[in-house]
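**Q** These protein sequence lines are chains A and B, in that order.
Be aware that the first sequence starts at 3, since it is given in the numbering used here, and climbs by one per residue.
Be aware that the second sequence starts at 3, since it is given in the numbering used here, and climbs by one per residue.
One structure coming up, written as C-alpha cells, with questions to follow.
2 protein chains.
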Amino acid sequence: MADLIQPRTLKGFRDYVPSLMIPREEILQKARAVYRSFGFAPIDTPALEYTEILLGKGGAESDKIIYRFKDHGDRDVALRFDLTVPFARFAAQHVPALGTPFKRYHMGPVWRGENTAHGRYREFWQCDFDTIGTTSNSSDIEAALVINALLSAIGFERFEIHVNNRLILSGLLEELGLADKSTAVLRALDKLPKVGIEPVVEEMVLHGVDAEKGRKVLELAGFKGTNEEILAFVSAKFGNNPKAADGVKRLDEMLQVANQAGLPSGRLHIDLSIARGLDYYTGTIFETFLSDLPGIGSICSGGRYDNLAGLYTKMPLPGVGASLGLDRLLAAMEELKILGGVQASAPVFMVRFAGTPPGVYEKLAATLRASGIGVEVFPEPKKIGQQLQYAEKRGFRFALIAGPDDFASRKFKIKELATRQEADYDEVLIPSHLRKMLGMDGS
Amino acid sequence: MADLIQPRTLKGFRDYVPSLMIPREEILQKARAVYRSFGFAPIDTPALEYTEILLGKGGAESDKIIYRFKDHGDRDVALRFDLTVPFARFAAQHVPALGTPFKRYHMGPVWRGENTAHGRYREFWQCDFDTIGTTSNSSDIEAALVINALLSAIGFERFEIHVNNRLILSGLLEELGLADKSTAVLRALDKLPKVGIEPVVEEMVLHGVDAEKGRKVLELAGFKGTNEEILAFVSAKFGNNPKAADGVKRLDEMLQVANQAGLPSGRLHIDLSIARGLDYYTGTIFETFLSDLPGIGSICSGGRYDNLAGLYTKMPLPGVGASLGLDRLLAAMEELKILGGVQASAPVFMVRFAGTPPGVYEKLAATLRASGIGVEVFPEPKKIGQQLQYAEKRGFRFALIAGPDDFASRKFKIKELATRQEADYDEVLIPSHLRKMLGMDGS
Chain A
3 MADLIQPRTL KGFRDYVPSL MIPREEILQK ARAVYRSFGF APIDTPALEY TEILLGKGGA
63 ESDKIIYRFK DHGDRDVALR FDLTVPFARF AAQHVPALGT PFKRYHMGPV WRGENTAHGR
123 YREFWQCDFD TIGTTSNSSD IEAALVINAL LSAIGFERFE IHVNNRLILS GLLEELGLAD
183 KSTAVLRALD KLPKVGIEPV VEEMVLHGVD AEKGRKVLEL AGFKGTNEEI LAFVSAKFGN
243 NPKAADGVKR LDEMLQVANQ AGLPSGRLHI DLSIARGLDY YTGTIFETFL SDLPGIGSIC
303 SGGRYDNLAG LYTKMPLPGV GASLGLDRLL AAMEELKILG GVQASAPVFM VRFAGTPPGV
363 YEKLAATLRA SGIGVEVFPE PKKIGQQLQY AEKRGFRFAL IAGPDDFASR KFKIKELATR
423 QEADYDEVLI PSHLRKMLGM DGS
Chain B
3 MADLIQPRTL KGFRDYVPSL MIPREEILQK ARAVYRSFGF APIDTPALEY TEILLGKGGA
63 ESDKIIYRFK DHGDRDVALR FDLTVPFARF AAQHVPALGT PFKRYHMGPV WRGENTAHGR
123 YREFWQCDFD TIGTTSNSSD IEAALVINAL LSAIGFERFE IHVNNRLILS GLLEELGLAD
183 KSTAVLRALD KLPKVGIEPV VEEMVLHGVD AEKGRKVLEL AGFKGTNEEI LAFVSAKFGN
243 NPKAADGVKR LDEMLQVANQ AGLPSGRLHI DLSIARGLDY YTGTIFETFL SDLPGIGSIC
303 SGGRYDNLAG LYTKMPLPGV GASLGLDRLL AAMEELKILG GVQASAPVFM VRFAGTPPGV
363 YEKLAATLRA SGIGVEVFPE PKKIGQQLQY AEKRGFRFAL IAGPDDFASR KFKIKELATR
423 QEADYDEVLI PSHLRKMLGM DGS
C-alpha cells in the first residue's frame, strides 16, 4: 500500500461537522424565511467570475486578497470575495428583464486570501439582502425591519441596530467647508471606535483637514443622547442645510414607522459616528451589535447607495441593503453558549434487535416519518447498550425500543434519553405520543 | 466616466435568477428534510483543498478537469470536483472523534472545467448522502428508501430505481474465469446502454477478454424479467458461487423490506446490466430514471463501497450512499414543465398609496407576518395600475389594497390576481381570510 496522504484542510479553511452545520442550516433557514416574508427573492451567482468584473469595484485591498488564476481556456478568473460585486454585475445583466424595484437575497460562501488572525476564515458565508431601483425611504426603513426580524428569528433578544444617515454627515461637512474632503474624513471617522479621537484627528490632518475642524467633526458626530435629542441637536445646528435636513427627516420617519411596526423601543439607536468605510454608501447606514457581546463588532451592516452597478451599465440603480455575517454570528453563538451541540438531525432513534422479520423497523419508521417525525434506525443488531450509547452521544431525544416479542404483542418502549424515563405504548399510539412529547401538535 | 465593463458570466457558468433559484431552494429544502428524517446529519467542506488531496483518488480524468492553481502562500490548491473525495478526507480526519456508523448529507457546488455541450455546466450542485462504518445491508436498503422518499418529496410520481449488486457480477465473472479482468469488463459493461452490444464486446476483447465469454457476460447481464425471475435466474445459474449468492440474498432482502416500508411495486427494478464506471463500488448499485424522461439519464446514482478513505487513513470505512444531481433534476423539471415560473417569494402584495400616515402599511404587514403570511409592501406610492402590473408579473397570488379612506374605515380589499376577483374585509379579519385562501390552516 502506498503512503497515506495526510488528511487536512488549508489554513484559514474549515470543515463544518454536524454540531456546527446544524446551527448554520438553522440560521440560513430562518434568514430565508424572514427575507421571503418581506418579498425578497433568492438569487445565486457563480463562485468564479472574470477577474475584470470582480476587481472593477475593488481597490488595492481586493487585488491583494482575491484568489485569482488562469482557467483551462487561459481566461483570467477569480473567486468572488463578496456578494455585492457579483450582484452589481447580475443587476446590470438581468434587471432590464426582471424590472424594478428588484428585491433579492443571496446567501453563499466568499473567499479572501487574507490574514487568518482573530478567528477570520478565508472562506466564509455572507447573507445579503438588497432592494434596488428605488430611492424611497420605505425601503431603508424596511431594511431596518428586516434586520430586526432576522436577529429576532435567530433567537437574539438583546441587540441594537445603530443607524445613521450619511446625508447628515455630508451636511455637517458642507457647513464646515470640508465637502471636498468627505471621503478622507469619513474613512477616518469610521475608525473612531477602534482607535480613539487623537489618531482619527491625525489621519484627517494628514489628508489636509484643519485639526480644529477635524475635532469639530468628532465632537458633532460623537454627540450622545436619546434618538429625539440627537435629531433635535442636528436640526438646531444644521437644520438649514438641505442634506442634513433630509437626513433628519428620513431617520425621523424610520423611528416612527419602526414604532408602528412593533419594534421594541431602544432597538433602533441613532449614532452619528457610524460612517462605514466603504465609499459607495450615500444615505442610511446600519450596524448591528449584540448587547451581550459588543466586542465582536457589527454582525449585520449595510446602507443606502446611489448607484450599484455603474461599472457595468448606464442604468442608474440606487438601492439599500445589508449583509449578515454568518460565521461571526456562529462564533458569537458559540461564545454565548447558545449552540446546542446536537449532532442528531432526527429526534427519534430506533434500536434494532436480531431475530425480527425483515422490514418491521423500516415499516414503523415509515409510519413515523409520514407523521412528520424524523427517525434514525440503527443499521446493525448490536448490543442494546452500545446502540443507546451511540444515540446519547449524538443527542437524540427519544429511543424507540422494540424486540421480536414486542412486535408480537405490538407494544413498544419509548425512552427519553436525557431523563432515562421509559414507558410502553401500543404500536398504533406511538406516532401521536411522540408528536405530543416533541411538542409538534401546537399549543 | 470610464468605459463600461461588459457584464457577463464565464462560459459554462450561470446565474440563478429567482424563477430558477426558487425551485432550487425548494428542492434543497425537501432533500434536507428527507435526509434528516432518516437521521443523516449535514456537513460541509471547503471549496478549496490541497490538490494532492483531491487528485489522490482521481485518475487522468480528474487531472484534466480540475480547477487548479497556486494560492498566496504558493500552495498547490484546487476546487473540489465532487463531494465524495472531500468526504473521504473529512471522514479520515473527523470520524475517529465522531464515531461510526456516521451518516451525513452534503449539498453544495462542485467545479469541473469540462466540455459544456449537452447543457453541462462547469459549476453544478451535488446532494450526496452516505452511511459509513457499517457493512449492514440495512444501510443499502435504507439508501433505496431515501432515494424513493427524495424523489417523491420533490414531486415525482413516475420513476424507477434500478438496482444491482456487483457481487452478482463478480460471481458471474469468477464463474467465467474472468475475475482478473473485472475492472475492464465492468467499465465496458457500463457503456452498454449508450453504445450497444458489439462495441462493448470489442472493448472487452481489447482488454484480453475472449469474445465468446464477453458475449456470455452481456447475455447474462442483459437478462430481463420480473425482479423475482431475475433473482431466480441468477440463483439457478450461479447459486453455488458464494459472491453471487450473497448478492442475490441482499437484493432479495431489499425487495422485501421496500415492500414492507410501503414502496409501490415496480419502484425498485433489478437490472443486472448496471455496473457504474467507478472502480470503488463493490456491492449494491443504484441508478434512478424518470419514466417520462429516461433519456436524461440517471438523476440519482450511487452504491456500496468497501473502503471510502483508504488514501488518507488505515481505518477501514465501508459504506453506501448516493448523489442527487440537482442541475440535471432542474433541467428535467424545466423540460417536463413542472417549474412554476414564479418569481415572488411571498404570496401577498401590498399596494402603497400616498397620503397615508407613516407606518400603517408596515404595521399591517407585521401583523400578517406574525400570522405566518409573507407580504411585500411596494416601496413607492405609484399609480395602482403600475403596482398591480408589477405584482402580476412577479406571480404574487393576492394583492391587499388599502388607501387612506380604507384605513379610516378599517376595511381593506383583497384581490386575487389570477382571477381578478376582489372583496372587502374588515382589518381584523384579513389575516384569517388570507390564511384560509392560501390553504394554510390544514384540512
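The C-beta atom is built at its ideal place from N, Cα and C for all residues, glycine as well.
Just so you know, these numbers come straight off a predicted model, no measurement behind them.
Would you say H74 of chain B lies against chain C (beta-carbon separation less than 8 Å)?
**A** In the structure shown, chain C does not exist; the protein chains are A and B.
**Q** Any chance the CB of Y427 of chain B is under 7 Å from a heavy atom of the ligand FMN?
**A** Absent from the structure shown: the ligand FMN. Ligands present: none.
**Q** Since M317 of chain A is in the alpha helix (DSSP H), which residue starts that stretch and which ends it?
**A** Within the first sequence, the letter at position 315 stands for residue 317 of chain A. It is not in any alpha helix (DSSP H) - M317 of chain A carries neither H nor E in the DSSP assignment.
**Q** Report yes or no: do three or more beta-carbon pairs, one from the region 227-247 of chain A and one from the region 277-296 of chain A, lie closer than 8 Å?
**A** No, the region 227-247 of chain A is not in contact with the region 277-296 of chain A.
**Q** Just the Cα atoms here: how many angstroms apart are I67 of chain A and T11 of chain B?
**A** Here the question's residue 67 of chain A lines up with position 65 in the first sequence. Here the question's residue 11 of chain B lines up with position 9 in the second sequence. Approximately 21 Å between the Cα atoms of the pair.
**Q** Mind reading off the beta-carbon distance from E429 of chain B to K413 of chain B? Whole number of angstroms is fine, and I expect it under 8 Å.
**A** For the purposes of this step, residue 429 of chain B is taken as the residue at position 427 of the second sequence. For the purposes of this step, residue 413 of chain B is taken as the residue at position 411 of the second sequence. Confirmed, Cβ separation roughly 7 Å.
**Q** If you draw a straight line from the alpha carbon of Q389 of chain B to that of F380 of chain B, how long is it in whole angstroms?
**A** Mapped onto the second sequence, residue 389 of chain B falls at position 387. Mapped onto the second sequence, residue 380 of chain B falls at position 378. The alpha-carbon atoms of Q389 of chain B and F380 of chain B are separated by roughly 7 Å.
**Q** By how many angstroms is the C-alpha of A356 of chain A removed from the C-alpha of E144 of chain B?
**A** Locating residue 144 of chain B in the second sequence gives position 142, counting from the first residue. Locating residue 356 of chain A in the first sequence gives position 354, counting from the first residue. Spanning the two alpha carbons is a distance of roughly 17 Å.
**Q** Name the chain A residues that come within less than 8 Å of T358 of chain B, Cβ to Cβ?
**A** The residue you call residue 358 of chain B lines up with position 356 of the second sequence. Within 8 Å Cβ-Cβ: nothing; T358 of chain B doesn't reach chain A, min ~11 Å.
**Q** Considering Cα atoms alone, identify which of A:E27, A:Y69, A:F291 is closest to V165 of chain A.
**A** Walking along the first sequence from the start, residue 165 of chain A turns up at place 163. Selected option, being the one with the closest Cα: A:F291.
**Q** Tell me, which residues are paired with P44 of chain B by DSSP?
**A** Working through the second sequence from its first residue, we reach residue 44 of chain B at position 42. Answer is B:Y107.
**Q** If we call anything under 8 Å between Cβ atoms a contact, is V97 of chain A one with G135 of chain A?
**A** Position 95 of the first sequence holds residue 97 of chain A. Position 133 of the first sequence holds residue 135 of chain A. Contact: yes.
**Q** Going by DSSP, which residues form a beta bridge with Y18 of chain B?
**A** For the purposes of this step, residue 18 of chain B is identified with residue 16 of the second sequence, where counting begins at 1. The partner list for Y18 of chain B (beta bridge, DSSP) reads A:D46.
**Q** Is the Cβ-Cβ distance between P433 of chain A and F400 of chain A less than 8 Å?
**A** As a first step, residue 433 of chain A is located in the first sequence; it is residue number 431 there, counting from the start. As a first step, residue 400 of chain A is located in the first sequence; it is residue number 398 there, counting from the start. No. Outside cutoff.
**Q** From this set, A:F225, A:D84, A:M317, A:L338, which residue's C-alpha is nearest L174 of chain A's C-alpha?
**A** Position 172 of the first sequence, counting from 1, holds the residue named residue 174 of chain A. Nearest C-alpha to L174 of chain A: A:F225.
**Q** Under 7 Å, CB to CB, which of the residues in the region 88-104 of chain A have a partner in chain B?
**A** Per Cβ criterion, the list reads R91, F92, A94, Q95, H96, L100, G101, P103.
**Q** Determine which residues share a DSSP beta bridge with R306 of chain A and list them.
**A** Here residue 306 of chain A refers to the residue found at position 304 when the first sequence is read from its first residue. The partner list for R306 of chain A (beta bridge, DSSP) reads A:V322.
**Q** Would you say L328 of chain B and I24 of chain B are within 8 Å of each other, going by their C-beta atoms?
**A** Here residue 328 of chain B corresponds to residue number 326 of the second sequence, with the count starting at 1. Here residue 24 of chain B corresponds to residue number 22 of the second sequence, with the count starting at 1. In this structure, I24 of chain B does not lie closer than 8 Å to L328 of chain B by Cβ.
**Q** Could you name the residues that DSSP lists as bridge partners for N166 of chain B?
**A** Walking along the second sequence from the start, residue 166 of chain B turns up at place 164. N166 of chain B is bridged to B:I287.
**Q** Just by C-beta distance, which residues in the region 43-58 of chain B are closer than 9 Å to chain A?
**A** For the region 43-58 of chain B, which is checked against every Cβ of chain A, the residues closer than 9 Å are A43, P44, I45, D46, T47, P48, A49, L50, E51, Y52, E54, I55, G58.
**Q** Taking the C-alpha atoms as reference points, what is the distance between Q95 of chain B and M317 of chain B?
**A** Counted from its first residue, the second sequence places residue 95 of chain B at position 93. Counted from its first residue, the second sequence places residue 317 of chain B at position 315. Q95 of chain B and M317 of chain B: Cα-Cα distance of roughly 11 Å.
**Q** Assuming D273 of chain B is part of the beta strand (DSSP E), what are its boundary residues?
**A** Mapped onto the second sequence, residue 273 of chain B falls at position 271. Unbroken run through D273 of chain B: none, as it is neither H nor E.
**Q** Checking the sheet assignment: what are the DSSP bridge partners for Y392 of chain B?
**A** If you number the second sequence from 1, residue 392 of chain B lands on position 390. According to DSSP, Y392 of chain B bridges with nothing at all.
**Q** Using a Cβ-Cβ cut-off of 8 Å, state whether A368 of chain B counts as contacting chain A.
**A** Taking the second sequence and counting its residues from 1, the one referred to as residue 368 of chain B is at position 366. Cβ-Cβ to chain A under 8 Å: yes for A368 of chain B.
**Q** What distance in whole Å lies between the Cβ atoms of P360 of chain A and V259 of chain B, which are believed to be in contact at a cut-off of 8 Å?
**A** As a first step, residue 259 of chain B is located in the second sequence; it is residue number 257 there, counting from the start. As a first step, residue 360 of chain A is located in the first sequence; it is residue number 358 there, counting from the start. Contact flag correct, Cβ pair sits at about 5 Å.
**Q** Alpha carbon to alpha carbon, what distance is there between G312 of chain A and M3 of chain B?
**A** To locate residue 3 of chain B, count along the second sequence from 1; it is residue 1. To locate residue 312 of chain A, count along the first sequence from 1; it is residue 310. A caution first: M3 of chain B carries a pLDDT of 49, below 50, which makes its placement in the model unreliable, though a value can still be read off. M3 of chain B and G312 of chain A: Cα-Cα distance of roughly 9 Å.
**Q** At what residue ranges does the region 397-431 of chain B contain a whole run of the alpha helix (DSSP H), taking only runs of 4 or more?
**A** You should have 406-411.
**Q** Assess, as a yes-or-no matter, whether the region 362-372 of chain A is touched by the region 261-271 of chain B under the definition of 3 or more beta carbon pairs within less than 8 Å.
**A** Yes, the region 261-271 of chain B touches the region 362-372 of chain A.
**Q** Grab the span of the beta strand (DSSP E) containing T133 of chain B for me, first residue to last.
**A** Your numbering for residue 133 of chain B matches position 131 in the second sequence. Element bounds for T133 of chain B: 125-134.
**Q** At a Cβ cut of 8 Å, what residues of the region 5-19 of chain A count as close to chain B, listed as they run along the chain?
**A** So the close ones are L6, I7, Q8, P9, R10, T11, L12, K13, F15, R16, D17, Y18, V19.
**Q** Residues bridged to F71 of chain A by DSSP?
**A** The sequence position of residue 71 of chain A within the first sequence is 69, counting from 1. A:V79, per the DSSP bridge assignment.
**Q** Following the continuous alpha helix (DSSP H) through F89 of chain A, name the residue where it begins and the one where it ends.
**A** Here residue 89 of chain A is taken as the residue at index 87 of the first sequence, counted from 1. Unbroken alpha helix (DSSP H) run through F89 of chain A: 86-100.
**Q** K251 of chain A touches chain B at which residues, Cβ-Cβ below 7 Å?
**A** Within the first sequence, numbered from 1, the residue matching residue 251 of chain A stands at position 249. Ordered by position in chain B, no residue passes the 7 Å Cβ test against K251 of chain A, which lies about 11 Å from the chain.
**Q** Under 8 Å by Cβ, that's how I've got C302 of chain B and L326 of chain B pegged, so tell me the actual separation to the nearest angstrom.
**A** As a working note, residue 302 of chain B is residue 300 in the second sequence. As a working note, residue 326 of chain B is residue 324 in the second sequence. Right, their Cβ atoms sit about 5 Å apart.
**Q** If you run the structure through DSSP and keep just helix, strand and coil, what is F240 of chain B?
**A** Mapped onto the second sequence, residue 240 of chain B falls at position 238. It is helical.
**Q** Short of 9 Å Cβ to Cβ, which residues in the region 189-208 of chain B face chain A?
**A** Against chain A - using a Cβ distance shorter than 9 Å - the region 189-208 of chain B contributes no residues.
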